[in-house]
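Quick note, the sequences are listed as chains A and B, same order. Taking this note's numbering, the leading residue of the first sequence gets 88, the next gets one more, and so forth. Taking this note's numbering, the leading residue of the second sequence gets 4, the next gets one more, and so forth. C-beta: ideal position from N, C-alpha, C; glycine also. Report on the following structure.
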Amino acid sequence: MSDIFSVEGINAYIRNLLEHDAPLQDIWVRGEVSNMKRAASGHWYFTIKDSRSQLKCVMFRSHAERQHIQPNDGEAVRVHGKISVYEQRGEYQLYADELQLAGGIGDLYQRFEAVKRQLEAEGLFDRERKRPLPEFPLRIGVVTSPDAAAFRDIQNVLTRRFPLATVILSPTLVQGNDAPTSIIKAIQRLNQFQAADVMLISRGGGSIEDLWAFNDEQVARTIAMSVIPTVSGVGHETDFTIADFIADVRAPTPSAAAELATPNIADLKIDIDYLAGELSNQLKKSFADKTALLENANQTLRHTSPERTLHEYRQRIDDISERIGNQQGRFLSLLRERLAGQMKALHAANPDALLQRGYAIVTSSDDGKIITDVADAPTGTRLTIRLKSGELKARTEDAQSHEQYKRTPF
Amino acid sequence: MSNTNELPFDELSFEAAYTELQAVIEKLESGELSLDESVNLYERGRLLSLHCQSLLDNAELRIKQVNQDGSLSD
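Below is the structure:
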């Protein structure tokens, strides 16, 4: 007679049995989702089935939160987890911790396209949003995994091309469920502390699932908001991620990102040599220009010398003299005659000349005004009378206007 | 146009020196300077170009890591 188990006992026994079976504790199961329930607690309850069978699954909130995808009924998935027993119900089920769309690339591609369409519609890929990279980025922020080959590639390129720079590593996970959050933090950290002049967001090659974090919508939005200009270099040349579309510059690989972000020191050396040569040329040219200016000034000076002008005038006078010939005399005497007439007129107008001829100028002795009207010199006015040879002092005794003369018959 | 107030050369970044060198050449090219100014500018430019070359010749890539609190560690 064998032992009799209690219900609880047998369920615990079975549970113990399952949990000690290694393959069952780390298992992938593929099937189609049905009865998907997202509980208020955050846990997911669902069933996966194929045409012949089904399996109960639960994913607790701590895992459900980290999933890239929100599975829906009817979708083909791969679920990872461990098999155990829910003793209260006597049911065994799959305690899931990771869920992938089994359609793989096909489904991922659809989601990629959906995110891309959404961000594109918001204008986040617009050419006008792309900013130029700084010419001499002395602090090069690198958002990547410090252990990855991508980071070594970047260092090699920078050592060769632009060793003036300092690499500012902002370490992050680059794959797995936690990668998007980690990438977002790494980008934000560089921005928050303004720790870099340009930012490379990089990861080496891998499967589309490996690169998936760089297609994450929130990662994309974080890149879009970065104050520091961004260069994406994710995967290989043929890989395109959302990060590539949203970064200011897309580079095909991590190495290429480092190249696109920096000037080449060899070019700079050539450039400096050229500029130094140009400097000498310009100084020589300055000297040459000044010398030419001086020469020019000398010529102008010779050109405008009074000696030369005088010489020219003399010659011209000679010419004119010859040309007017006999007419000159007549012209001159005409001029002389006219001059004499004008002198005479002038002479006549000279008050001294008038005095010569016996006229006198009468002024008031008080204010020196010339008196031309008898009304200005009533009886008793003191007068100064200017004659040819000097002045007389006088006083008015009587004043008679012309009108009075006219009325008084002489 | 005095250059005596400029940064000492060892504190001048490559970018600053390079940009100033280009500006010096442009100024010289303008041809609007006295001979004295040209000679002074030339001398400044010559020192700038030597400084640039020396920075490039001695450059060595440095690697730092930005921490949570924004500090940098080697």
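For residue j and residue i, the rounded distance between their alpha carbons
i	j	result
residue 393 (chain A)	residue 378 (chain A)	25 Å
residue 302 (chain A)	residue 329 (chain A)	5 Å
residue 156 (chain A)	residue 237 (chain A)	27 Å
residue 426 (chain A)	residue 420 (chain A)	9 Å
residue 457 (chain A)	residue 484 (chain A)	18 Å
residue 213 (chain A)	residue 146 (chain A)	39 Å
residue 135 (chain A)	residue 336 (chain A)	43 Å
residue 344 (chain A)	residue 241 (chain A)	8 Å
residue 349 (chain A)	residue 140 (chain A)	59 Å
residue 478 (chain A)	residue 399 (chain A)	57 Å
residue 235 (chain A)	residue 198 (chain A)	27 Å
residue 262 (chain A)	residue 304 (chain A)	15 Å
residue 431 (chain A)	residue 446 (chain A)	18 Å
residue 433 (chain A)	residue 487 (chain A)	33 Å
residue 158 (chain A)	residue 137 (chain A)	16 Å
residue 51 (chain B)	residue 26 (chain B)	11 Å
residue 504 (chain A)	residue 264 (chain A)	Not covered by the structure: residue 504 (chain A). The range shown for chain A is 88 to 497.
residue 339 (chain A)	residue 23 (chain B)	35 Å
residue 382 (chain A)	residue 388 (chain A)	10 Å
Under 8 Å by beta carbon: chain B residues contacting residue i
i	result
residue 207 (chain A)	The contacting residues do not exist; residue 207 (chain A) stays about 31 Å from chain B at best.
residue 38 (chain A)	This structure gives no information on residue 38 (chain A), because the portion of chain A shown stretches from 88 to 497.
residue 282 (chain A)	69, 73 and 75
Residues near residue i by beta carbon distance below 7 Å, same chain, minus five either side
i	result
residue 54 (chain B)	12, 15 and 20
residue 148 (chain A)	128, 129 and 130
residue 105 (chain A)	111, 170, 171, 172 and 179
Under 9 Å from the C-beta of residue i: neighbouring residues of chain B
i	result
residue 346 (chain A)	Within 9 Å Cβ-Cβ: nothing; residue 346 (chain A) doesn't reach chain B, min ~14 Å.
residue 242 (chain A)	64 and 66
residue 279 (chain A)	73
residue 276 (chain A)	69, 70, 71 and 73
Spatial neighbours of residue i in its chain, beta-carbon cut-off 8 Å, leaving aside the 5 residues before and after
i	result
residue 114 (chain A)	167, 168, 169, 170 and 181
residue 41 (chain B)	31
residue 178 (chain A)	143 and 172
residue 220 (chain A)	285, 316, 318, 335, 336, 347 and 348
residue 92 (chain A)	100
residue 175 (chain A)	none
residue 442 (chain A)	448, 473, 474 and 475
Beta-carbon neighbours of residue i, restricted to chain A and to distances below 9 Å
i	result
residue 62 (chain B)	249, 250, 251, 252 and 352
residue 52 (chain B)	359, 360, 362, 363 and 366
residue 1 (chain B)	Here chain B has residues from 4 to 77 only, and residue 1 (chain B) is not among them.
Cβ separation of residue i and residue j, assumed to be a contact under 8 Å, to the nearest whole Å
i	j	result
residue 294 (chain A)	residue 341 (chain A)	Residue 294 (chain A) to residue 341 (chain A), Cβ: 17 Å. No contact.
residue 310 (chain A)	residue 274 (chain A)	6 Å
residue 59 (chain B)	residue 355 (chain A)	6 Å
residue 252 (chain A)	residue 225 (chain A)	6 Å
residue 151 (chain A)	residue 131 (chain A)	5 Å
residue 206 (chain A)	residue 307 (chain A)	6 Å
residue 64 (chain B)	residue 254 (chain A)	7 Å
residue 380 (chain A)	residue 45 (chain B)	Actually they are not in contact, since the Cβ atoms of residue 380 (chain A) and residue 45 (chain B) sit about 18 Å apart, beyond 8 Å.
Neighbouring residues, chain A, relative to residue i (Cβ below 7 Å)
i	result
residue 24 (chain B)	362
residue 57 (chain B)	Those do not exist, as residue 57 (chain B) stays about 10 Å from chain A at its closest Cβ, beyond 7 Å.
residue 15 (chain B)	Result: empty, since nearest Cβ-Cβ is about 13 Å, beyond 7 Å.
Contacts of residue i in chain A (Cβ-Cβ under 8 Å)
i	result
residue 18 (chain B)	222, 223 and 225
Cut-off 6 Å between Cβ atoms - residues of its own chain near residue i, not counting five sequence neighbours on either side
i	result
residue 160 (chain A)	120, 121 and 123
residue 185 (chain A)	167
residue 189 (chain A)	117, 163, 164 and 165
residue 469 (chain A)	452 and 482
residue 6 (chain B)	In this prediction, residue 6 (chain B) has a pLDDT of 46, which is less than 50 and means its spatial position is unreliable; what the coordinates show is noted afterwards. Cβ neighbours of residue 6 (chain B) beyond the five flanking positions: 47.
Cross-chain neighbours of residue i in chain B, by beta carbon under 7 Å
i	result
residue 355 (chain A)	59
residue 245 (chain A)	64
Residue i: CB within 7 Å of a non-hydrogen atom of the ligand FMN
i	result
residue 444 (chain A)	Because no ligand of any kind appears in the structure shown, any question about the ligand FMN cannot be addressed here.
C-beta neighbour in chain C for residue i, strict 8 Å
i	result
residue 376 (chain A)	The structure shown has no chain C; the protein chains it does contain are A and B.
I want to know whether the stretch 252-268 of chain A touches the stretch 223-231 of chain A - three or more CB-CB distances under 8 Å. These segments touch.
Could you tell me whether the stretch 444-452 of chain A touches the stretch 466-477 of chain A, using the rule of 3 or more Cβ pairs below 8 Å? Between the stretch 444-452 of chain A and the stretch 466-477 of chain A there are three or more inter-stretch CB-CB distances shorter than 8 Å, so the stretches are counted as touching.
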